[in-house]
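Numbering that gives the first Met the number 0 puts the first residue of the sequence shown at 0, with every later residue one more than the last. Beta carbons are placed, not taken as given, at the ideal position from N, Cα and C, and that holds for glycine. Since we're looking at a predicted model, the values are computed, not measured. Before any comments, here is the structure.
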Amino acid sequence: MAGPDNNERFNRWLERINRACGRFAGQSLDEGFRGSIEEHHANAMKLSVVDIAHARLFRTQQEVNGGNDAWFYTVFQLEGNAVMEQGDSQTVLHRGDVTLIDASRPSSFIYSQRARQISLLVPRHLLEQSLRCGDIPCAQRLGGELPVVQLSQRLLHESIKNPDLNACESEAALEAIICLLRPVLQVRNIVVSKKEKQLSRVMTLIDNHIQSETLRPEWIAGEAGMSVRSLYRMFADRGLVVAQYIKNRRLDLCAQALRTACATEKLAGIGYSWGFTDHSHFSTAFKQRFGVSPGEYRKRWQ
């Protein structure tokens, strides 16, 4: 578990994140935490360069309600990897990738190793005007190998190098970045809309049987009327692994139960009720995801 000095460094860093990017909650995952942030404001261009390792940031409905939801976070991955989650979507960003996160909805970001990102605040109305139909795809990987993504990265970096841009110029640069990303966002939106119903059925199936020991890829594929290979591909398209998703979903539900559990309720029983038959495995997996043991997590919430 992280020591006092580590927690103090994390809390100071989190305060800076909240001032620059809006309200976030978070936790350091271990003693290896490190973090820094550089703010860049040039008229319409509002962005932060964030360096982070061994930490988790998240926004629950409480943070969303207490903050400004008139933005989308456009995240440009500069170095390392990051797991970005929002709603039923999860993706892993690698160097050069981009994704969108809606500030009006809960989200979660995990940095198990060192990562560096640019978080660009894009006004909601600019994106909604650009994508006039369909939902804006969030927590979807826009691959760094795509030419339009590479061009948007270059334009962003050039804008950062020129802090003397006036209001009209910086607004034009912001709109140009959105225009460059529009084609790939529209394609992602079409792909998501075609597969959304099938994915929704699978997610509902998993949730309805999350406590069952029979919840395995083979069983899910059979119940959903698809091949195991198609099931794996469906999850892989979103940067997910079926077994990992099931485990994380169970852990999230365990955490939810621990927040309201009484002090006398056995931890092993809580884990067992959500599909963890081995208490040692449950404790290890829980600490890997949330940075603390189930017992410590319950104490903190109480």
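Note the first and the last residue of the continuous alpha helix (DSSP H) segment covering methionine 233. Methionine 233 -> alpha helix (DSSP H) spans 227–235.
In angstroms with no decimal places, state the Cα-to-Cα distance between isoleucine 219 and histidine 280. When rounded, the distance between both Cα atoms is 23 Å.
Compute the Euclidean distance between the alpha carbons of alanine 175 and aspartate 236, then round it to the nearest angstrom. Roughly 27 Å separates the two Cα atoms.
Quick one: residues in its chain with C-beta nearer than 6 Å to the C-beta of valine 48, no 5 flanking neighbours on either side, listed in chain order? Around valine 48: Glu37 and Ile117.
DSSP three-state assignment for cysteine 132, whether helix, strand or coil: A caution first: cysteine 132 carries a pLDDT of 49, below 50, which makes its placement in the model too unreliable to give a value.
In DSSP terms, what phenylalanine 71 is bridged to: Note: phenylalanine 71 sits in a beta bridge opposite Asp101 and Val121.
In the DSSP assignment, find the unbroken alpha helix (DSSP H) run with glutamate 217 in it and report its ends. Its alpha helix (DSSP H) spans residues 216–223.
Isoleucine 209 by DSSP, collapsed to three states: which one? Shown here, isoleucine 209 sits in coil according to DSSP, grouped into three states, outside any helix or strand.
Quick check on the DSSP output: the alpha helix (DSSP H) that includes serine 272 runs from which residue to which? First-last of the alpha helix (DSSP H) with serine 272: 266–272.
Quick one: residues in its chain with C-beta nearer than 7 Å to the C-beta of asparagine 5, no 5 flanking neighbours on either side, listed in chain order? So the qualifying residues of the chain are Ser27, Glu30 and Phe32.
Using only CA atoms, which one of Leu13, Thr59 and Arg58 lies nearest to aspartate 50? Of the candidates Leu13, Thr59 and Arg58, Leu13 places its Cα closest to the Cα of aspartate 50.
For valine 240, which of helix, strand or coil comes out of DSSP? In this structure, valine 240 counts as coil in the three-state DSSP scheme.
Quick check on the DSSP output: the beta strand (DSSP E) that includes glutamate 56 runs from which residue to which? Per the sequence shown, residue 56 should be read as leucine rather than glutamate. Counting along the chain, the beta strand (DSSP E) containing leucine 56 begins and ends at 54–58.
In DSSP terms, what valine 82 is bridged to: In the DSSP assignment, valine 82 is bridged to Val91 and Ile109.
How many Å lie between serine 169 and proline 122 at the Cα? Using only the alpha carbons, I get a separation of about 13 Å.
Roughly how many angstroms lie between the CA atoms of methionine 0 and glycine 290, to the nearest whole one? With a pLDDT of only 45 at methionine 0, under 50, the local geometry of the prediction cannot be trusted, and the value read off the model is given with reservation. Methionine 0 and glycine 290 have their alpha carbons spaced roughly 7 Å apart.
Sorted by chain position, which residues of the same chain lie with C-beta nearer than 6 Å to glycine 268's C-beta, five sequence neighbours on each side aside? Listed in chain order, the non-local C-beta contacts of glycine 268 below 6 Å within the same chain number zero, local neighbours out to five positions each way being set aside.
How do the stretch 89–107 and the stretch 196–208 stand: do at least 3 beta-carbon pairs fall below 8 Å, yes or no? No, the stretch 89–107 is not in contact with the stretch 196–208.
When you compare only the Cα positions, how much space is there between glutamine 139 and leucine 184? Going by the C-alpha atoms only, they are around 9 Å apart.
Taking the DSSP output, what are the residues bridged to leucine 141? The secondary-structure analysis by DSSP pairs leucine 141 across a beta bridge with Val97.
Considering only the alpha carbon of each residue, which of Lys265, Gln85 and Val97 lies closest to glycine 142? Nearest of Lys265, Gln85 and Val97 to glycine 142, Cα basis: Val97.
Where does leucine 28 fall in DSSP's three states? Looking at leucine 28 - three-state DSSP - the assignment turns out to be coil, as it is neither helix nor strand.
Around the Cβ of lysine 160, are there at least 16 other Cβ atoms within 10 angstroms (buried) or fewer (exposed)? Under this definition lysine 160 is an exposed residue.
Beta-carbon separation of serine 106 and phenylalanine 57 under 8 Å? Closer than 8 Å, so yes.
Reduced DSSP category for glycine 294 - H, G, I as helix; E, B as strand; rest coil: Helix, per DSSP.
Do you know offhand how far lysine 45's Cα is from aspartate 68's? Those two C-alpha atoms are separated by around 15 Å.
Leucine 154 to alanine 172, Cα distance in whole Å? When rounded, the separation of the alpha-carbon atoms in leucine 154 and alanine 172 is 7 Å.
Please say whether isoleucine 100 and valine 74 have beta carbons closer to each other than 8 Å? Cβ distance < 8 Å, so valine 74 and isoleucine 100 count as in contact.
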